[in-house]
Amino acid sequence: MSDFLTQTVLIATVASAIRLAVPLLLASLGETFGQRSGVLNLGVDGIMLLGAFGGYFTVLRTGNVWLGLLVGVLVGLVLGVASAVMAVTLQAEQGISGIGIFLFGLGLSDLLFQRLVGTPLPISSFPKLAVPGLSDIPVLGEMLFRHSVIVYIAFLGVPLSMFIINRTTFGMNIRAVGENPEAADSLGVSVTAVRYATVSIGGTLAGVAGAALAIDLGIFQQNLTNAAGFIAVALVYFGAWRPLGVMAGALLYGFVNALVLQFKTLGIIPRSWSDIAAMAPAIITILALVLVASRFRQPAALTKPFTRGA
Amino acid sequence: MPQTPMLEMKGIVKRFPGVLAADHVDFDVLPGEVHTLLGENGAGKSTLMNILYGLQEADEGEILLNGKPAEIHNPTDAIALGIGMIHQHFMLVDTLTVAENVALGLKSGRGALTDLDAVSARIEELAERYGLEIDPQALVWQLSVGQRQRLEIIKALYRDVHLLILDEPTAVLTPQEVDQLFVTLRQMTDDGRGLIFISHKLHEVLALSDRITVLRHGAVAGNTTSEGATRESLAEMMVGRQVKLAPDKPPVEIGPAALQIRGLTVISDRGIEAVSSLDLEVRTGEIFGIAGVSGNGQRELAQAIAGLQEAVAGSIHIDGQETTNLRPAEVRSRGLSYVSEARMREGVIGEFTVSENLLLIDHASEQFVNRGLFDFKAIRSHCEVLVGEYAVKTPTLDTPARNLSGGNIQKLIVARELAGSPKVLVVAQPTRGVDIGAAEYIHARLVDQRSENAAILMISEDLDEVFALSDRIAVMYEGQIIAVVKPGETTREEIGLMMAGVRPTDSRHG
Numbered sequence: 001m002s003d004f005l006t007q008t009v010l011i012a013t014v015a016s017a018i019r020l021a022v023p024l025l026l027a028s029l030g031e032t033f034g035q036r037s038g039v040l041n042l043g044v045d046g047i048m049l050l051g052a053f054g055g056y057f058t059v060l061r062t063g064n065v066w067l068g069l070l071v072g073v074l075v076g077l078v079l080g081v082a083s084a085v086m087a088v089t090l091q092a093e094q095g096i097s098g099i100g101i102f103l104f105g106l107g108l109s110d111l112l113f114q115r116l117v118g119t120p121l122p123i124s125s126f127p128k129l130a131v132p133g134l135s136d137i138p139v140l141g142e143m144l145f146r147h148s149v150i151v152y153i154a155f156l157g158v159p160l161s162m163f164i165i166n167r168t169t170f171g172m173n174i175r176a177v178g179e180n181p182e183a184a185d186s187l188g189v190s191v192t193a194v195r196y197a198t199v200s201i202g203g204t205l206a207g208v209a210g211a212a213l214a215i216d217l218g219i220f221q222q223n224l225t226n227a228a229g230f231i232a233v234a235l236v237y238f239g240a241w242r243p244l245g246v247m248a249g250a251l252l253y254g255f256v257n258a259l260v261l262q263f264k265t266l267g268i269i270p271r272s273w274s275d276i277a278a279m280a281p282a283i284i285t286i287l288a289l290v291l292v293a294s295r296f297r298q299p300a301a302l303t304k305p306f307t308r309g310a
Numbered sequence: 311m312p313q314t315p316m317l318e319m320k321g322i323v324k325r326f327p328g329v330l331a332a333d334h335v336d337f338d339v340l341p342g343e344v345h346t347l348l349g350e351n352g353a354g355k356s357t358l359m360n361i362l363y364g365l366q367e368a369d370e371g372e373i374l375l376n377g378k379p380a381e382i383h384n385p386t387d388a389i390a391l392g393i394g395m396i397h398q399h400f401m402l403v404d405t406l407t408v409a410e411n412v413a414l415g416l417k418s419g420r421g422a423l424t425d426l427d428a429v430s431a432r433i434e435e436l437a438e439r440y441g442l443e444i445d446p447q448a449l450v451w452q453l454s455v456g457q458r459q460r461l462e463i464i465k466a467l468y469r470d471v472h473l474l475i476l477d478e479p480t481a482v483l484t485p486q487e488v489d490q491l492f493v494t495l496r497q498m499t500d501d502g503r504g505l506i507f508i509s510h511k512l513h514e515v516l517a518l519s520d521r522i523t524v525l526r527h528g529a530v531a532g533n534t535t536s537e538g539a540t541r542e543s544l545a546e547m548m549v550g551r552q553v554k555l556a557p558d559k560p561p562v563e564i565g566p567a568a569l570q571i572r573g574l575t576v577i578s579d580r581g582i583e584a585v586s587s588l589d590l591e592v593r594t595g596e597i598f599g600i601a602g603v604s605g606n607g608q609r610e611l612a613q614a615i616a617g618l619q620e621a622v623a624g625s626i627h628i629d630g631q632e633t634t635n636l637r638p639a640e641v642r643s644r645g646l647s648y649v650s651e652a653r654m655r656e657g658v659i660g661e662f663t664v665s666e667n668l669l670l671i672d673h674a675s676e677q678f679v680n681r682g683l684f685d686f687k688a689i690r691s692h693c694e695v696l697v698g699e700y701a702v703k704t705p706t707l708d709t710p711a712r713n714l715s716g717g718n719i720q721k722l723i724v725a726r727e728l729a730g731s732p733k734v735l736v737v738a739q740p741t742r743g744v745d746i747g748a749a750e751y752i753h754a755r756l757v758d759q760r761s762e763n764a765a766i767l768m769i770s771e772d773l774d775e776v777f778a779l780s781d782r783i784a785v786m787y788e789g790q791i792i793a794v795v796k797p798g799e800t801t802r803e804e805i806g807l808m809m810a811g812v813r814p815t816d817s818r819h820g
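So the sequences go chain by chain: A and B. Read in our numbering, the first sequence has 137 at position 137, and its numbers run on one by one without any break. Whatever position you read off the second sequence (first residue = 1), add 310 for our numbering.
Okay, structure coming up:
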């Protein structure tokens, strides 16, 4: 037990929490855009899986992690647009069509992996970047500023999302469409265009999240995400549809995960209990969700398709 | 007149499956005038305006703006052509600020970034010029109903709308707020803007309009001016026959109090105290009208009487028996009938047939049940009598209730509720959204019940209705009755002030 309290272990746990939060953060930020405009995409996990395979396979063949990330972007964008077609144009029941996308992504990513790769070969990972100056700060520098480049990218997404949602006309349109699409429509804001844009952003970031996960781990396997995409959807509720809240949720989840991993490594949790311990992050996240999320009002038009004059 | 109309709609035709919603309608607006569109529900007013605003497309006909043909396919086209519309339900985003609601859909001066400071400054300019006080930084959900209406007008002024459609803009306003609105609207016409006013409140139509076009069954039934019309003549044009706007009330001997409420306090679903230690008494043979802006506890009062909301304090007696917090069926068995304001939610089950809905209260009565099974013959003849007696227009008794018009659904509910000769009748918004013919009919039935010595508590937002039917009028404000007056001893203005919370200073009323 005393081993756990050493500074080295503490730093490693926090640094690992931040790293583990990255895929969730990316996916939840994207989902925040969709939900703020009134579209719930439950298919995030499926898009993440296909983004993960796309990224992994590209890096496996080219050795270029940035090309892998780009493939994640493209895969996510295509599936995001497909999600928008279903939710916005075809007005499908959003909970159900999302599950369809998830199952599609789960099945197809595994099929492609079996056919094209077969045995899990490791790939190269993101380069580390120690931020000059900041990384030399004792303790904090090691915790926060000696990460892969993708970590900085993901966390920069938080202020960027806040800026877009709160300070741009596009963001104002998103908020209006998610709250009262009739009012937005009556003023000439295209509900369809706004929702296509936000759901596509959500898909793209889910694809990136998946690719980031696979490249960060340097591996792909069946169901690599282990339902992280569903946690990402839940984190949007947890974060009360605000980027800062979503970030807090992603970090909480990352931290609990890192803690469990650390306990296991240090042998604090017996091996026979490890399966139960693996559930802890999900359980804690859900509990936090129940306690926090119900205090905030969701966007009034969430999950409601819009038809003019209906 | 030599003036070119700013708007001409010529020969507009719109067909819906089985209905001709607009039948070769001609309609025009001159600069600086208020042209009212009047008609019953389904007469085609909304269809015509939705076509003008690009929410629907006409099957035939053309629209000219300032003499030139205009193509309007969506609201964006309409806005670009200087047409604005204030909808019956506010088109505001509650979670955005006043300035954001105004800026929505407009190009920003700062490109992709919002430019709310500039928008706020312009709002303040307009607010000053038109006397529309508002805080640009306030969130819409914090605004009162009157302020929201002002915001809608500011949205239109900000877009420099030349032609403004107002679809029943006064539905939720107090008489004073209506007067204030009309002053602003007159300022707008003085600027040379044209207004299209849609309303079914006849005195408002007469007060505001320059010209009036009446629609009936999708076609123009007549044109007139405010000077050339009376409420009666307008109603006749709308319905196509003479109508009685106020029923004849034969003298009835007022009896003892049949509904007594003492110190009633009710907490609303939203957790606030909606009714606060309220006292009232309704005697047999009288119609006791409750006026007030909705949301002042009227709904909770009615529900508490009917046993649908808990009374946290106080007591309710019906015909001398205490019914406080009894279950709804028990309250009914003590002699209460209840016509809810939420017609589709609490009045009927839309998917159920007409006869099933007529039987909702009595389905367990011996009259209709034979050895545990429904006696369909008895049910049928009972329903046939009711449908005939209350003039419910329905194709068959087995038609789902939701297929009937609002007026006929209301007649169905009234038929069911009055069938058992109630001792106490609580009716909320008996004729809201109901056409004039059905309203006339429902009013007559309520007066009949009064003649049969029922005690009637009528809650209504329609002041005309309150004045026409009530023997006494109470005004409800923030959960309390702030005054009880006789209709002959008060005025609309006085009631309007009380609706806004101003208590009468003298105590001449009782």
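The beta-carbon is built from N, C-alpha and C at its ideal position, and this holds for glycine as well. No experiment lies behind these values; they were computed from the predicted model shown.
Just measuring C-alpha positions, the residue of A:137, A:142, A:56 sitting nearest residue 121 of chain A is A:56. DSSP links residue 143 of chain A through a beta bridge to no other residue.
Chain B has a Cβ within less than 8 angstroms of the Cβ of residue 188 of chain A. According to the DSSP assignment, residue 45 of chain A belongs to the alpha helix (DSSP H) that extends over 44-62. Counting only residues of its own chain and dropping the five nearest sequence neighbours on each side, residue 723 of chain B has a CB closer than 6 angstroms to the CB of 649, 657.
Between residue 618 of chain B and chain A, the shortest Cβ-Cβ separation is not below 8 angstroms.
Residue pairing from DSSP places residue 394 of chain B in a beta bridge opposite B:474. No residue range can be given for residue 563 of chain B, since it is assigned to no alpha helix (DSSP H) and is classified by DSSP as neither H nor E. Shortest Cα-Cα distance from residue 363 of chain B to any of B:471, B:670, B:419, B:343 involves B:471.
Proximity of the stretch 566-582 of chain B to the stretch 624-642 of chain B meets the contact definition, three or more beta-carbon pairs being nearer than 8 angstroms. Around residue 168 of chain A, the beta-carbon contacts reaching into chain B at under 7 angstroms are 422, 423, 424.
For residue 615 of chain B, the enclosing alpha helix (DSSP H) covers residues 608-616.
Assignment of residue 638 of chain B by DSSP, reduced to helix, strand and coil, places it in the helix class. Using a Cβ-Cβ cut-off of 9 angstroms, residue 195 of chain A is close to nothing in chain B; its nearest Cβ partner there is about 15 angstroms away.
For the 8 angstroms CB-CB criterion, residue 770 of chain B and residue 601 of chain B form a contact. Contact annotation, residue 146 of chain A with residue 161 of chain A: C-beta distance approximately 25 angstroms; criterion of less than 8 angstroms not satisfied. Straight through space, the alpha carbons of residue 360 of chain B and residue 368 of chain B are spaced by roughly 9 angstroms.
Relative to the Cα of residue 451 of chain B, the nearest Cα in the group B:411, B:469, B:557, B:589 belongs to B:411. From the listed residues B:637, B:796, B:749, B:647, the smallest Cα separation to residue 731 of chain B is found for B:647. In this structure, DSSP gives residue 19 of chain A a helical state, which the three-state scheme calls helix. Residues of the stretch 396-407 of chain B with a C-beta atom less than 9 angstroms from some C-beta of chain A are 397, 399, 400, 401, 402, 403, 404, 405, 406, listed in chain order. Residue state for residue 782 of chain B is assigned as strand, using DSSP reduced to three classes. Taking 8 angstroms as the upper bound for CB-CB distance, residue 200 of chain A and residue 81 of chain A are in contact here, some 5 angstroms apart. At a cut-off of 8 angstroms between C-beta atoms, residue 172 of chain A counts as an interface residue with respect to chain B. Here DSSP, grouped into helix, strand and coil, assigns residue 7 of chain A to helix. Neighbours of residue 176 of chain A in chain B, taken as residues whose beta carbon is under 7 angstroms from its own, are 403, 406, 414 in chain order. Excluding five sequence positions before and after residue 562 of chain B, the CB atoms of its chain that fall closer than 8 angstroms to its own CB belong to 595, 596, 760, 761, 763, given in chain order. Distances from the CA of residue 112 of chain A to each of A:255, A:223, A:298, A:229 were compared; the closest alpha carbon is that of A:223. Contact between residue 45 of chain A and residue 230 of chain A holds: their C-beta atoms lie close to 5 angstroms from each other, under 8 angstroms. For residue 184 of chain A, the chain B residues whose C-beta falls within less than 8 angstroms of its own C-beta are 403, 414, 415, listed in chain order. Between the stretch 506-515 of chain B and the stretch 478-489 of chain B, the count of C-beta pairs closer than 8 angstroms reaches three or more; the two stretches touch.
Residue-level contact by beta carbon fails for residue 381 of chain B and chain A, as no gap is shorter than 8 angstroms. Residue nearest to residue 540 of chain B within the set B:408, B:529, B:522 is B:522 (criterion: CA-CA distance). Against chain A, the CB of residue 615 of chain B has no partner CB under 8 angstroms away; the residue lies outside that interface.
Within chain A, the residues placing a beta-carbon under 8 angstroms from that of residue 418 of chain B are 169, ordered along the chain. DSSP links residue 379 of chain B through a beta bridge to B:374.
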